[in-house]
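Chains as they are written, first to last, in our numbering: chain A, 71 to 285; chain B, 5 to 472. The beta-carbon is built from N, C-alpha and C at its ideal position, and this holds for glycine as well. Data first, discussion second: the structure below is written as structure tokens.
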Ligand code: SF4
């Protein structure tokens, strides 16, 4: 249908609709009980099946790589991780997989087939929500979306001072920032499903484990 | 949409007491419990709900403006927008994209709206392979069935059912271990994702101000579908917009809490245009298909408010009728209380006139709805329309009520009517109980007996005592 005709039809319907036409209230930032943000975040993350760490991120990642028996990771470029993390991982024997997917369809397919066996992903995050144990991950140059999506184990490095009370609190000042990237995702724990007999199961598509390293 | 050639009552009769309905009920009760726990654990929940309702109603009242803005922004971000008046137009557009780009394999994440227009069926008929990737939908697709719950589509299947299905269709050894079944699905679908030519998702919310779309999933397939293939097609019911990014945050605050009792779903994935210069990955092309398909009709009628629905599924989980009969009895992709309104509102009362009657009007759905939709009021409205327009099978309602009105509006007519009742009571209720009524009234006594009316009517006793 032509756009104008479509919109005209919607307009006629909306004018005919008997709806209470209240003004939009804008975002309501609720008054939540005062908590220690870091502690609350760690507790909430635990409730959704994630694991919090307070150790050196390089050590955390290397220990996980050791357990997984892998020597490579898909991750953000060094400049997007805290200083020294990328170098530390290489020094510990891990190599970073190239995250740049070619623009042509065939090249894309070939490159992405290589992701089939990737088990370890390392990214940063720009915020955390204490209420829900959520991290905010923004894609962009040097920050592939796949790094937080494809591997079985996802390590997120999050600055403690970036933890806010809740999504609403964060959105109050940062909502506009959502548009600043082709992809922003709020991740709350490991991938989960209850589709077989409502029993909780993790890792059906996304990561089976989410580790948040607080720095 | 498949129209099953039986009525709600017939489908419900088949379903009640079946294993399918039983697992359905267990699942629904669990989800309802989780929602209640989430509400109590989050002191601001009611406040957030009111705000969410305001946002949705305001959006609908100005839907044309918000849609214009949304479409402009999507295009500014480098995406394509197509306005589809109905399912046929939407399918036609997607088929053109598929042909132009020589697409062979399509991956999909769960989306009610594509079910509504039977997109898979149409694409498969034109020779494209379409793979549903939500675990529940994947199971349903393998089994060749329809989803029975909008949040948990395979809620009616046991692990053993799934094990047999996987063994049969995927050629893996039988297991009924849920972990193992998940692993099988992950490995199977992973390869398909990474090599697919095109991804189709639904849209939970479109943000007018930014042209962003938000796709919410727990499994992560919504992210894979919108990340791995070179082309992403998002199909959005036209009512799904919210004005600003702040409003999106507000809606996300109530969506998962109402649906599954989670604070937030695992992935709230916000996509703003195709991949940008310098972005390492993501689709190179983005198409947003905005669908009317009966929505402007619903908007112009008394059912307008139903378009505020955010498809959280909370009303299904508390509905005594849904719990007893399960999703399939509704015969449509939209089930439960929301389905009983939305299906006839979008698609007309013919042949859906019996759905608004599939409710006890207890009001539980209205109480849990995160956007406060007064479902019972709309059910009553649709019932009246069904009776006015004499839709089968409720043709008798209007004449029946007319007969009652005639009887009840004249003293002697009323007395005669009651006299008839007393006579009937004497005929059928000799033992003080009415065990069986004949003909059309037999439904009242099929599963229970009724207490017979008193031998001496109240009016007579009153008259004797007060001498009138
Ligand atoms: S009607 Fe309300 S409770 Fe039911 S699915 Fe829609 S938003 Fe949820």
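Check, Outcome
"Endpoints, beta strand (DSSP E) assigned at residue 224 of chain A", "223-228"
"Three-state secondary structure assigned by DSSP to residue 205 of chain B", "strand"
"Close-in-space but distant-in-sequence residues of the same chain around residue 84 of chain A (CB under 8 Å, 5 per side omitted)", "none"
"Test: residue 183 of chain A CB closer than 7 Å to a CB of chain B", "yes"
"Under 7 Å between C-beta atoms of residue 239 of chain B and residue 325 of chain B", "no"
"Contacting residues, own chain, Cβ-Cβ under 8 Å from residue 9 of chain B (five flanking each side not counted)", "Bear in mind that a pLDDT of 44 at residue 9 of chain B, under 50, signals an unreliable position, so the number given afterwards is only what the model happens to contain. Cβ neighbours of residue 9 of chain B beyond the five flanking positions: none."
"Rounded separation between residue 120 of chain A and residue 338 of chain B - CA only", "34 Å"
"Short-range partners of chain B found in the stretch 155-176 of chain A, where Cβ spacing is below 9 Å", "168, 169, 170, 171, 173, 174 and 175"
"Neighbourhood of residue 86 of chain B by C-beta distance below 6 Å, restricted to the same chain and skipping five residues each side", "97 and 293"
"First through last residue of the alpha helix (DSSP H) which encompasses residue 191 of chain A", "Element bounds for residue 191 of chain A: not the alpha helix (DSSP H) but the beta strand (DSSP E), 190-194."
"Segment limits, alpha helix (DSSP H) that includes residue 199 of chain B", "182-199"
"Closest Cα partner of residue 143 of chain B within the set B/196, B/173 and B/130", "B/173"
"Cut-off 6 Å between Cβ atoms - residues of its own chain near residue 231 of chain B, not counting five sequence neighbours on either side", "286"
"Neighbour flag for residue 469 of chain B against chain A, beta carbons, 7 Å", "no"
"Proximity below 7 Å, CB of residue 205 of chain A to CB of residue 257 of chain A", "yes"
"Continuous alpha helix (DSSP H) assignments of at least 4 residues falling wholly in the stretch 110-165 of chain B", "116-120, 123-129 and 139-147"
"7 Å Cβ shell around residue 111 of chain A - same chain, five flanking residues per side excluded", "198, 200, 203 and 233"
"Residues bridged to residue 208 of chain A (per DSSP)", "A/254"
"Opening and closing residue of the beta strand (DSSP E) in which residue 94 of chain B lies", "Not the beta strand (DSSP E): residue 94 of chain B falls in the alpha helix (DSSP H), residues 91-104."
"Exposed unless 16 or more other CB atoms sit within 10 angstroms - verdict on residue 258 of chain B", "buried"
"Positions along the stretch 112-140 of chain B whose CB lies within less than 8 Å of some CB in chain C", "Reference to chain C is not applicable here, since the protein chains of this structure are A and B."
"Sequence-distant residues of its chain with Cβ nearer than 7 Å to residue 160 of chain B (five each side left out)", "24, 27, 28, 152 and 330"
"Bridge partner(s) assigned by DSSP for residue 217 of chain B", "B/210 and B/275"
"Neighbour flag for residue 375 of chain B against chain A, beta carbons, 7 Å", "no"
"Strand pairing of residue 59 of chain B, partner residues [DSSP]", "Answer is none; residue 59 of chain B lacks a bridge partner."
"Burial state of residue 75 of chain A, where buried means 16 or more other Cβ atoms lie within 10 Å", "exposed"
"C-beta neighbour in chain A for residue 68 of chain B, strict 7 Å", "yes"
"Cutoff 7 Å: residue 119 of chain A Cβ touching any chain B Cβ", "no"
"Residue 460 of chain B, buried or exposed, once every other Cβ within 10 Å from all chains shown has been counted against 16", "exposed"
"Ranges of the alpha helix (DSSP H) found wholly within the stretch 105-153 of chain A, counting only runs of at least 4", "107-117 and 127-138"
"Counted within 10 angstroms of its Cβ, other Cβ atoms place residue 46 of chain B as buried (16 or more) or exposed", "buried"
"Every unbroken beta strand (DSSP E) within the stretch 257-324 of chain B, with a cutoff of 3 residues, ordered by chain", "271-275 and 289-295"
"Heavy atom of the ligand SF4 within 6 Å of residue 206 of chain B beta-carbon", "no"
"Paired residues, beta bridge with residue 236 of chain B - DSSP", "B/203 and B/290"
"With 16 other Cβ atoms within 10 Å as the buried cut-off, status of residue 79 of chain A", "buried"
"Three-state secondary structure (DSSP) of residue 244 of chain A", "helix"
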